[in-house]
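**Q**
2 protein chains.
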Amino acid sequence: MATRGDRRTRQRLLGAASELFAATGFHGAKVRDIARRAGANLAAANYHFGSKEALYLEVLRTHFAEIRARLSAEARLPDKAALARMSRAQLEALARMRLQTMLDILVGPPPGIYGRLIQREMCDPSAALPHIVDEFIRPNLEEMRLVFRALYPSLTAAEVDRCSFSMVGQVMFYHVMRPAVLRFLGRDEYGRGFTRQLAEHIFDFSLGGMERLASRRRRVRRAS
Amino acid sequence: MATRGDRRTRQRLLGAASELFAATGFHGAKVRDIARRAGANLAAANYHFGSKEALYLEVLRTHFAEIRARLSAEARLPDKAALARMSRAQLEALARMRLQTMLDILVGPPPGIYGRLIQREMCDPSAALPHIVDEFIRPNLEEMRLVFRALYPSLTAAEVDRCSFSMVGQVMFYHVMRPAVLRFLGRDEYGRGFTRQLAEHIFDFSLGGMERLASRRRRVRRAS
DNA sequence: GACTTAGCCAAACAGTTGTTTCAAACAGAC
DNA sequence: GTCTGTTTGAAACAACTGTTTGGCTAAGTC
Numbered sequence: 000m001a002t003r004g005d006r007r008t009r010q011r012l013l014g015a016a017s018e019l020f021a022a023t024g025f026h027g028a029k030v031r032d033i034a035r036r037a038g039a040n041l042a043a044a045n046y047h048f049g050s051k052e053a054l055y056l057e058v059l060r061t062h063f064a065e066i067r068a069r070l071s072a073e074a075r076l077p078d079k080a081a082l083a084r085m086s087r088a089q090l091e092a093l094a095r096m097r098l099q100t101m102l103d104i105l106v107g108p109p110p111g112i113y114g115r116l117i118q119r120e121m122c123d124p125s126a127a128l129p130h131i132v133d134e135f136i137r138p139n140l141e142e143m144r145l146v147f148r149a150l151y152p153s154l155t156a157a158e159v160d161r162c163s164f165s166m167v168g169q170v171m172f173y174h175v176m177r178p179a180v181l182r183f184l185g186r187d188e189y190g191r192g193f194t195r196q197l198a199e200h201i202f203d204f205s206l207g208g209m210e211r212l213a214s215r216r217r218r219v220r221r222a223s
Numbered sequence: 000m001a002t003r004g005d006r007r008t009r010q011r012l013l014g015a016a017s018e019l020f021a022a023t024g025f026h027g028a029k030v031r032d033i034a035r036r037a038g039a040n041l042a043a044a045n046y047h048f049g050s051k052e053a054l055y056l057e058v059l060r061t062h063f064a065e066i067r068a069r070l071s072a073e074a075r076l077p078d079k080a081a082l083a084r085m086s087r088a089q090l091e092a093l094a095r096m097r098l099q100t101m102l103d104i105l106v107g108p109p110p111g112i113y114g115r116l117i118q119r120e121m122c123d124p125s126a127a128l129p130h131i132v133d134e135f136i137r138p139n140l141e142e143m144r145l146v147f148r149a150l151y152p153s154l155t156a157a158e159v160d161r162c163s164f165s166m167v168g169q170v171m172f173y174h175v176m177r178p179a180v181l182r183f184l185g186r187d188e189y190g191r192g193f194t195r196q197l198a199e200h201i202f203d204f205s206l207g208g209m210e211r212l213a214s215r216r217r218r219v220r221r222a223s
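Which chain is which? The protein sequence lines are A and B, in order. Okay, so the first sequence: first residue is 0 according to my numbering, each after it adds one. Okay, so the second sequence: first residue is 0 according to my numbering, each after it adds one.
#1: I want to see whether chain B comes within less than 8 angstroms of A/Pro225, judged by CB atoms only; does it?
#2: Out of B/Phe183, B/Leu82, B/Phe25, B/Asp103, point me to the one whose CA is closest to B/Ile66's CA.
#3: Quick one: using the 10 Å Cβ neighbour count with 16 as the cut-off for buried, is B/Leu81 buried or exposed?
#4: Is it the case that the region 78-95 of chain B contacts the region 144-151 of chain B, given that we only count it when at least three CB pairs across the two stretches are under 8 angstroms?
#5: Would you call B/Gln10 buried or exposed, if buried means 16 or more other Cβ atoms sit within 10 Å of its Cβ?
#6: Ignore the nearest five residues each way along the sequence and tell me which others in B/Arg31's own chain have a CB closer than 8 angstroms to its CB.
#7: Just checking my contact of B/Arg115 with B/Ala21 at CB under 8 angstroms: how many whole Å lie between their CB atoms?
#8: Which of helix, strand or coil does DSSP assign to A/Asn139?
#9: Buried or exposed: where does A/Tyr46 fall if 16 or more other Cβ atoms within 10 Å of its Cβ makes it buried?
#10: If you check the beta carbons only, do B/Ser153 and A/Phe204 fall under 8 angstroms apart?
#11: Give the single residue among A/Cys162, A/Thr155, A/Glu188, A/Ser163 whose Cα lies nearest to the Cα of A/His174.
#12: Could you give the first and the last residue of the continuous alpha helix (DSSP H) run that contains A/Ala15?
#13: How far does the alpha helix (DSSP H) with B/Gly114 in it reach, from first residue to last?
#14: Quick one: list the residues of chain A neighbouring B/Ile201, beta-carbon separation under 8 angstroms, in chain order.
#15: Whose Cβ in chain B lies nearer than 7 angstroms to the Cβ of A/Glu210?
#16: Along the chain, where does the alpha helix (DSSP H) that runs through B/Thr155 open and close?
#17: Using a Cβ distance threshold of 8 angstroms, determine whether the region 126-144 of chain A contacts the region 179-187 of chain B, with at least three qualifying pairs required.
#18: Taking C-beta to C-beta, are B/Met85 and A/Gly168 nearer than 8 angstroms?
#19: Going straight from the alpha carbon of A/Glu52 to that of A/Ala213, what length do you get?
#20: Can you list, in chain order, the residues of the region 133-144 of chain B whose Cβ is nearer than 8 angstroms to any Cβ on chain A?
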């Protein structure tokens, strides 16, 4: 083992690559810049990861494995039976908390690195896309399903899914369209209490939406 | 004027550049590929536009000027006075129609070029961002404002804006996150009647959301 | 001490990319 | 026809980029 570098070079490369890939994308981030930011030699990236693409995939796998672990640990959902016993107020509080977490991760502040990586992956999907969907998106949506189904039992499975997408969509909007929204609002960044105010709006808006769908379903019986 | 090309070379370059910039982004699209697809010489791009970046900006300005004209012509909104005289059902039909138009443009099928360009511009904003916001996003949102305000007069201006964002956000979600949603759903493309079904869901969901906000506002008086 | 191995570095390599150059081709004015 | 300004084409250019090479150091093994 060499002791030349004070920190593990591989780790520093991963960190630098994460930031640059998130900031400028796969094509925009240059191996030389990554190496420079990591305080490593140009050849180090290829030595440790084999190729630029392999480094990129490793960045994605590392980050989304980590955030999955974090979410599982921090915001563990009660099991289905416990969920069924919860009061309406408790369920709503649970949904509200998960919404706030999503906003914190995706919208910030600070602007999250996961959101940036996902956004770029949606522009130019790589081999890591299935991993991101399965490790990050699917578990989150499954848990939202459970909560929403407990809150509005009259909704069909497809309706619950669409409602989950509607709620996540509102959150993603402020992340993905940040430059446009900021210019539209005439600001240069989302303020301090912005996400909290946003959480309140999205929560109320979404609950109203689901309520309407649930009650409409109860009232009128429609074909498909 | 040369007649060598059967079509104006400049126009063909613009078309080819649009497709490639939308498909692979500014960095991903190569001038050589654009020229080849346009059936033009490599030097033609620089001759007609000066540089790759100028070509990119011209692509954006052209497209968003065109779509603005199209929207103004096709989906002209009644003026404020006429709007005030409309019945609730008429206003709702108006909102529903605009929603369907947004879905057609952004989600497709076919997957729209405007959505792709916007998405990439949000990843790496260029000098054309202000143009896009002012020519495409702002006019659309202003008109949604008018309709929503007429539908729910008790909402504040800030609330109406947030509701507009909530509705647009749901639409954008299916465009921006398309690869993830498709994988989540286990399909390889949105089906035929998908956007129509989506329009119905988003419309009901959003109306429920606004209703809840409006009625909550009427019932309880809250501090900020 | 001799040998092996992992980590790191400077340099070089081969391919690509945006841009420029300069001559040829062309249309229209005369 | 000649002349002029515009458009096109082939080639070259200079800079950049991902990757490879060969050698160096330091630690571990015998």
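Positions of the beta carbon are idealized from the N, C-alpha and C atoms, including for glycine. Note that the structure is predicted; figures quoted are calculated from it, not measured.
**A** On the basis of the coordinates in this document:
#1: Lying before the first or after the last residue shown, residue 225 of chain A is absent from chain A, which here runs from 0 to 223.
#2: Sequence index remark: in the second sequence, residue 66 of chain B carries index 67 (1-based). That would be B/Asp103, whose Cα lies nearest to the Cα of B/Ile66.
#3: Translated into the one-based positions of the second sequence, residue 81 of chain B becomes position 82. Per the sequence presented here, residue 81 of chain B reads as Ala, with Leu not at that position. By the neighbour-count rule (16 or more Cβ atoms within 10 Å), B/Ala81 is not buried but exposed.
#4: yes
#5: The residue labelled residue 10 of chain B in the question sits at position 11 within the second sequence. Label assigned to B/Gln10: exposed.
#6: What you label residue 31 of chain B is simply residue 32 of the second sequence in a count that begins at 1. Here the set comprises Leu41.
#7: For the purposes of this step, residue 115 of chain B is taken as the residue at position 116 of the second sequence. For the purposes of this step, residue 21 of chain B is taken as the residue at position 22 of the second sequence. Yes, they are in contact, since the Cβ atoms of B/Arg115 and B/Ala21 sit about 4 angstroms apart, within 8 angstroms.
#8: Within the first sequence, numbered from 1, the residue matching residue 139 of chain A stands at position 140. The answer is helix: DSSP assigns A/Asn139 an H, G or I state.
#9: As a working note, residue 46 of chain A is residue 47 in the first sequence. A/Tyr46 is exposed by the Cβ-count criterion.
#10: On the second sequence, residue 153 of chain B is found 154 positions in, with the first residue counted as 1. On the first sequence, residue 204 of chain A is found 205 positions in, with the first residue counted as 1. Contact flag unset, no.
#11: Within the first sequence, the letter at position 175 stands for residue 174 of chain A. With distances taken between Cα atoms, A/His174 lies closest to A/Glu188.
#12: Locating residue 15 of chain A in the first sequence gives position 16, where the first residue counts as 1. Taken as a continuous stretch (DSSP letters only), the alpha helix (DSSP H) holding A/Ala15 covers 8-27.
#13: Here residue 114 of chain B refers to the residue found at position 115 of the second sequence. Note, B/Gly114: alpha helix (DSSP H), 112-122.
#14: For the purposes of this step, residue 201 of chain B is taken as the residue at position 202 of the second sequence. Those are Ser165, listed as they occur along chain A.
#15: Translated into positions along the first sequence, residue 210 of chain A becomes position 211. By Cβ distance, chain B contributes Gly207, Arg211.
#16: For this step, residue 155 of chain B is matched to residue 156 along the second sequence. Careful: B/Thr155 lies outside any alpha helix (DSSP H) and carries neither H nor E.
#17: yes
#18: Counting from 1 along the second sequence, the entry for residue 85 of chain B is found at position 86. Counting from 1 along the first sequence, the entry for residue 168 of chain A is found at position 169. Going by C-beta atoms, B/Met85 is not nearer than 8 angstroms to A/Gly168.
#19: As a position in the first sequence, residue 52 of chain A is number 53, starting the count at 1. As a position in the first sequence, residue 213 of chain A is number 214, starting the count at 1. Put simply, the backbone Cα of A/Glu52 is about 46 angstroms away from that of A/Ala213.
#20: Answer in chain order: Ile136, Arg137, Leu140.
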